[in-house]
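K.L.:
First the structure, then my questions, so here it is.
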Amino acid sequence: MPTSRSSVIGALFLIIGAIGFVGAEAVAANRWTDPNYSYRFDYISDLGNPVPHDFVFEHTVNSPWHVVMNLGFVSQGILFAIATALLYRLFRGRSRFVVLGCGIIHGSGMVLAGVFHQQSVNAVEMAIHWIGAHGIIFGPIGIALVGVLGGRAGASAWYRAMSAALGFGGILSGLALVYIPAVRTITGGGTLERITMYGLFMWQVVTGISLLLKARHQ
45 MPTSRSSVIG
55 ALFLIIGAIG
65 FVGAEAVAAN
75 RWTDPNYSYR
85 FDYISDLGNP
95 VPHDFVFEHT
105 VNSPWHVVMN
115 LGFVSQGILF
125 AIATALLYRL
135 FRGRSRFVVL
145 GCGIIHGSGM
155 VLAGVFHQQS
165 VNAVEMAIHW
175 IGAHGIIFGP
185 IGIALVGVLG
195 GRAGASAWYR
205 AMSAALGFGG
215 ILSGLALVYI
225 PAVRTITGGG
235 TLERITMYGL
245 FMWQVVTGIS
255 LLLKARHQ
(Lines of atoms letter the chains of each structure in order from A and count residues from 1; the text may use other names and numbers.)
(Lines give C-alpha, C1' and ligand atoms only; values in the text may rest on other atoms or scores of the structure.)
Protein backbone atom coordinates (compact mmCIF):
# COMPACT_ATOMS: atom_id res chain seq x y z
CA MET A 1 0.00 0.00 0.00
CA PRO A 2 1.45 3.39 -0.92
CA THR A 3 1.89 5.83 1.95
CA SER A 4 1.72 9.60 2.36
CA ARG A 5 1.65 12.07 5.21
CA SER A 6 -2.09 11.55 5.64
CA SER A 7 -1.50 7.80 5.75
CA VAL A 8 1.04 8.20 8.54
CA ILE A 9 -1.39 10.29 10.59
CA GLY A 10 -4.16 7.77 9.92
CA ALA A 11 -1.86 4.93 10.98
CA LEU A 12 -1.04 6.67 14.26
CA PHE A 13 -4.73 7.29 14.95
CA LEU A 14 -5.52 3.60 14.40
CA ILE A 15 -2.85 2.54 16.87
CA ILE A 16 -3.71 5.16 19.49
CA GLY A 17 -7.44 4.41 19.27
CA ALA A 18 -6.96 0.68 19.80
CA ILE A 19 -4.42 0.94 22.62
CA GLY A 20 -6.40 3.71 24.30
CA PHE A 21 -9.60 1.66 24.30
CA VAL A 22 -7.99 -1.49 25.71
CA GLY A 23 -6.18 0.61 28.30
CA ALA A 24 -9.38 2.36 29.37
CA GLU A 25 -11.11 -1.00 29.61
CA ALA A 26 -8.36 -2.43 31.82
CA VAL A 27 -8.40 0.57 34.15
CA ALA A 28 -12.20 0.58 34.50
CA ALA A 29 -12.33 -3.19 35.01
CA ASN A 30 -9.63 -3.01 37.68
CA ARG A 31 -11.68 -0.50 39.66
CA TRP A 32 -14.80 -2.69 39.52
CA THR A 33 -14.54 -4.76 42.71
CA ASP A 34 -18.11 -5.15 44.00
CA PRO A 35 -18.83 -7.64 42.50
CA ASN A 36 -15.61 -8.54 40.67
CA TYR A 37 -15.64 -7.83 36.94
CA SER A 38 -15.62 -10.85 34.61
CA TYR A 39 -14.06 -10.52 31.16
CA ARG A 40 -15.84 -13.73 30.23
CA PHE A 41 -19.39 -12.91 31.25
CA ASP A 42 -19.60 -9.12 31.67
CA TYR A 43 -19.87 -6.82 28.68
CA ILE A 44 -17.58 -3.95 27.77
CA SER A 45 -20.58 -1.62 27.87
CA ASP A 46 -21.10 -2.61 31.51
CA LEU A 47 -17.90 -0.72 32.30
CA GLY A 48 -19.49 2.47 30.99
CA ASN A 49 -22.67 2.14 33.05
CA PRO A 50 -22.91 5.16 35.39
CA VAL A 51 -25.63 3.65 37.63
CA PRO A 52 -24.17 2.12 40.84
CA HIS A 53 -25.18 -1.51 41.41
CA ASP A 54 -27.48 -1.46 38.40
CA PHE A 55 -29.17 -4.73 37.41
CA VAL A 56 -29.15 -5.14 33.65
CA PHE A 57 -29.24 -8.24 31.43
CA GLU A 58 -29.61 -10.51 34.46
CA HIS A 59 -26.44 -9.43 36.24
CA THR A 60 -25.30 -6.68 38.61
CA VAL A 61 -23.25 -3.84 37.15
CA ASN A 62 -21.10 -1.53 39.27
CA SER A 63 -18.45 0.52 37.46
CA PRO A 64 -17.13 3.41 39.58
CA TRP A 65 -14.71 4.50 36.84
CA HIS A 66 -17.31 4.48 34.06
CA VAL A 67 -16.07 7.86 32.81
CA VAL A 68 -12.74 6.29 31.81
CA MET A 69 -14.44 3.57 29.78
CA ASN A 70 -16.74 6.03 28.05
CA LEU A 71 -13.75 8.18 27.11
CA GLY A 72 -12.27 5.04 25.58
CA PHE A 73 -15.40 4.53 23.48
CA VAL A 74 -15.52 8.13 22.30
CA SER A 75 -11.80 8.46 21.54
CA GLN A 76 -11.73 5.19 19.57
CA GLY A 77 -14.77 6.30 17.59
CA ILE A 78 -13.37 9.70 16.70
CA LEU A 79 -9.87 8.45 15.90
CA PHE A 80 -11.13 5.51 13.82
CA ALA A 81 -13.45 7.72 11.78
CA ILE A 82 -10.69 10.26 11.10
CA ALA A 83 -8.21 7.50 10.25
CA THR A 84 -10.67 6.01 7.77
CA ALA A 85 -11.18 9.42 6.14
CA LEU A 86 -7.40 9.76 5.79
CA LEU A 87 -6.79 6.23 4.48
CA TYR A 88 -9.75 5.34 2.26
CA ARG A 89 -8.11 6.89 -0.82
CA LEU A 90 -5.61 4.03 -0.77
CA PHE A 91 -8.39 2.04 -2.45
CA ARG A 92 -9.44 2.51 -6.05
CA GLY A 93 -12.91 2.88 -7.53
CA ARG A 94 -16.18 2.79 -5.69
CA SER A 95 -14.89 0.31 -3.12
CA ARG A 96 -13.15 3.17 -1.33
CA PHE A 97 -16.50 4.72 -0.47
CA VAL A 98 -17.79 1.44 0.96
CA VAL A 99 -14.74 1.22 3.22
CA LEU A 100 -15.17 4.88 4.18
CA GLY A 101 -18.83 4.33 5.02
CA CYS A 102 -18.05 1.36 7.26
CA GLY A 103 -15.41 3.37 9.11
CA ILE A 104 -17.69 6.36 9.66
CA ILE A 105 -20.56 4.17 10.87
CA HIS A 106 -18.27 2.29 13.25
CA GLY A 107 -16.82 5.51 14.60
CA SER A 108 -20.26 7.05 15.06
CA GLY A 109 -21.46 3.90 16.82
CA MET A 110 -18.55 4.03 19.25
CA VAL A 111 -19.27 7.66 20.09
CA LEU A 112 -22.97 6.94 20.64
CA ALA A 113 -22.11 3.99 22.89
CA GLY A 114 -19.81 6.20 24.94
CA VAL A 115 -22.22 9.11 25.30
CA PHE A 116 -25.43 7.11 25.80
CA HIS A 117 -24.97 4.27 28.26
CA GLN A 118 -26.20 0.72 28.70
CA GLN A 119 -28.28 0.97 31.89
CA SER A 120 -31.76 0.17 33.18
CA VAL A 121 -32.83 3.62 34.39
CA ASN A 122 -33.40 5.49 31.12
CA ALA A 123 -35.03 3.51 28.29
CA VAL A 124 -34.32 6.18 25.65
CA GLU A 125 -30.64 6.31 26.53
CA MET A 126 -30.49 2.52 26.45
CA ALA A 127 -32.11 2.46 22.99
CA ILE A 128 -29.62 4.98 21.61
CA HIS A 129 -26.77 2.95 23.10
CA TRP A 130 -28.01 -0.11 21.25
CA ILE A 131 -28.19 1.83 17.99
CA GLY A 132 -24.56 2.72 18.54
CA ALA A 133 -23.68 -0.87 19.42
CA HIS A 134 -25.14 -2.07 16.13
CA GLY A 135 -23.04 0.53 14.32
CA ILE A 136 -19.88 -0.76 15.97
CA ILE A 137 -20.13 -4.05 14.04
CA PHE A 138 -19.34 -2.10 10.86
CA GLY A 139 -15.73 -2.04 12.06
CA PRO A 140 -15.30 -5.80 11.50
CA ILE A 141 -17.38 -5.53 8.32
CA GLY A 142 -15.01 -2.87 7.07
CA ILE A 143 -11.85 -4.84 7.75
CA ALA A 144 -13.41 -7.93 6.14
CA LEU A 145 -13.92 -5.79 3.03
CA VAL A 146 -10.30 -4.67 3.27
CA GLY A 147 -9.38 -8.34 3.14
CA VAL A 148 -11.55 -8.92 0.08
CA LEU A 149 -10.73 -5.69 -1.74
CA GLY A 150 -7.24 -5.02 -0.42
CA GLY A 151 -5.62 -6.09 -3.67
CA ARG A 152 -6.94 -2.89 -5.22
CA ALA A 153 -4.85 -0.94 -2.71
CA GLY A 154 -1.72 -2.98 -3.37
CA ALA A 155 -1.98 -4.88 -0.08
CA SER A 156 0.04 -8.07 0.33
CA ALA A 157 -1.54 -11.52 0.41
CA TRP A 158 -0.78 -12.08 4.11
CA TYR A 159 -2.34 -8.72 5.02
CA ARG A 160 -5.49 -9.45 3.03
CA ALA A 161 -5.77 -12.89 4.64
CA MET A 162 -5.33 -11.42 8.13
CA SER A 163 -7.92 -8.72 7.48
CA ALA A 164 -10.44 -11.22 6.14
CA ALA A 165 -9.89 -13.64 9.04
CA LEU A 166 -10.22 -10.97 11.74
CA GLY A 167 -13.11 -9.27 10.00
CA PHE A 168 -15.25 -12.32 9.27
CA GLY A 169 -14.33 -13.82 12.65
CA GLY A 170 -15.57 -10.66 14.33
CA ILE A 171 -18.80 -10.67 12.34
CA LEU A 172 -19.54 -14.31 13.20
CA SER A 173 -18.77 -13.74 16.87
CA GLY A 174 -21.04 -10.70 16.93
CA LEU A 175 -23.87 -12.63 15.30
CA ALA A 176 -23.45 -15.48 17.80
CA LEU A 177 -23.56 -12.99 20.66
CA VAL A 178 -26.89 -11.56 19.55
CA TYR A 179 -28.66 -14.47 17.88
CA ILE A 180 -27.33 -17.76 19.33
CA PRO A 181 -28.01 -17.87 23.10
CA ALA A 182 -26.60 -21.40 23.45
CA VAL A 183 -23.16 -20.27 22.28
CA ARG A 184 -23.36 -17.18 24.47
CA THR A 185 -24.15 -19.35 27.50
CA ILE A 186 -21.16 -21.63 26.90
CA THR A 187 -18.54 -19.03 26.04
CA GLY A 188 -19.89 -16.07 27.99
CA GLY A 189 -21.20 -12.92 26.36
CA GLY A 190 -18.09 -10.99 27.26
CA THR A 191 -15.92 -13.51 25.43
CA LEU A 192 -17.88 -13.24 22.19
CA GLU A 193 -17.93 -9.46 22.38
CA ARG A 194 -14.18 -9.34 22.90
CA ILE A 195 -13.47 -11.66 19.97
CA THR A 196 -15.25 -9.09 17.83
CA MET A 197 -13.61 -6.04 19.37
CA TYR A 198 -10.10 -7.34 20.01
CA GLY A 199 -9.86 -8.65 16.47
CA LEU A 200 -10.59 -5.14 15.24
CA PHE A 201 -8.02 -3.63 17.61
CA MET A 202 -5.40 -6.17 16.53
CA TRP A 203 -6.07 -5.18 12.92
CA GLN A 204 -5.74 -1.50 13.77
CA VAL A 205 -2.34 -1.99 15.39
CA VAL A 206 -0.98 -4.25 12.63
CA THR A 207 -2.28 -1.93 9.92
CA GLY A 208 -0.88 1.13 11.65
CA ILE A 209 2.55 -0.42 12.15
CA SER A 210 2.61 -1.69 8.54
CA LEU A 211 1.84 1.78 7.18
CA LEU A 212 4.46 3.40 9.40
CA LEU A 213 7.12 0.90 8.32
CA LYS A 214 6.30 1.50 4.65
CA ALA A 215 6.52 5.25 5.15
CA ARG A 216 9.90 4.87 6.85
CA HIS A 217 11.36 2.98 3.89
CA GLN A 218 10.05 5.29 1.19
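Per the working numbering, the sequence shown starts with residue 45, numbered consecutively. Cβ atoms here follow ideal geometry from the backbone N, Cα and C, with glycine treated the same way.
#1: So within the region 164–188, which uninterrupted beta strand (DSSP E) runs reach at least 3 residues, ignoring any that extend past its ends?
#2: Return yes when the Cβ of valine 112 is within less than 8 angstroms of the Cβ of alanine 68, no when it is not.
#3: Whose C-alpha, out of Val227, Ala197 and Leu219, is nearest the C-alpha of arginine 138?
#4: Considering just the uninterrupted stretch of the alpha helix (DSSP H) at valine 159, what are its terminal residues?
#5: Out of Tyr87, Ser119 and Phe124, which has the shortest C-alpha to C-alpha gap to glycine 54?
#6: Taking Cβ to Cβ, would you say glycine 64 is nearer than 8 angstroms to serine 119?
#7: Could you compute how far the alpha carbon of glycine 176 sits from the alpha carbon of isoleucine 185?
#8: Give the C-beta separation of leucine 58 and glutamine 262 to the nearest angstrom, bearing in mind that I take them to be a contact with Cβ-Cβ under 8 angstroms.
#9: Once DSSP output is grouped into helix, strand and coil, what is the label at histidine 103?
#10: Taking just the CA atoms, how far does glycine 61 sit from valine 168?
#11: Beta carbon of serine 107, beta carbon of leucine 131: below 8 angstroms?
#12: Have a look at glycine 213 and methionine 206 and give me their C-alpha separation to the nearest angstrom.
#13: How would you call threonine 128, buried or exposed, if buried means at least 16 neighbouring beta carbons within 10 angstroms?
#14: Considering only C-alpha positions, which residue in the set His161, Gly158, Val250 and Thr240 is nearest to glycine 183?
#15: Should alanine 188 be labelled buried (16 or more other beta-carbon atoms within 10 Å of its own) or exposed?
#16: Give a yes or no on whether the C-beta atoms belonging to serine 51 and alanine 259 are separated by under 8 angstroms.
#17: Alpha carbon to alpha carbon, how far is proline 79 from phenylalanine 99?
#18: Nearest to leucine 255 by CA position, among Ala199, Ala208 and Glu237, is which residue?
#19: Considering only residues of the same chain and omitting the five flanking positions on each side of glycine 252, which have a CB-CB separation below 7 angstroms?
#20: Between which residues of its own chain and glycine 116 is the CB-CB distance below 7 angstroms, once the five residues before and five after are set aside?
#21: Which residue from Gly151, Trp174, Phe135 and Gly179 puts its Cα closest to that of phenylalanine 191?
#22: If distances are taken between C-alpha atoms only, which option among Thr235, Ala72 and His97 comes closest to leucine 221?
P.N.:
In short:
#1: none
#2: Yes.
#3: Ala197
#4: 139–159
#5: Phe124
#6: yes
#7: 15 angstroms
#8: Not really, about 19 angstroms apart at Cβ, beyond 8 angstroms.
#9: strand
#10: 28 angstroms
#11: No, Cβ-Cβ distance for serine 107 and leucine 131 is not below 8 angstroms.
#12: 10 angstroms
#13: Under this definition threonine 128 is a buried residue.
#14: Looking at His161, Gly158, Val250 and Thr240, the one whose alpha-carbon comes closest to that of glycine 183 is Thr240.
#15: So alanine 188 ends up on the buried side.
#16: yes
#17: Rounded to whole angstroms, proline 79 to phenylalanine 99 spans 12 angstroms at the Cα level.
#18: It is Ala199 whose Cα lies nearest to the Cα of leucine 255.
#19: Ala55, Leu56, Leu58 and Ile59
#20: Gly64, Phe65, Ala68 and Glu69
#21: Just to set this straight, residue 191 is glycine in the shown sequence, not phenylalanine. Ranking the options by Cα distance to glycine 191, first place goes to Phe135.
#22: Thr235
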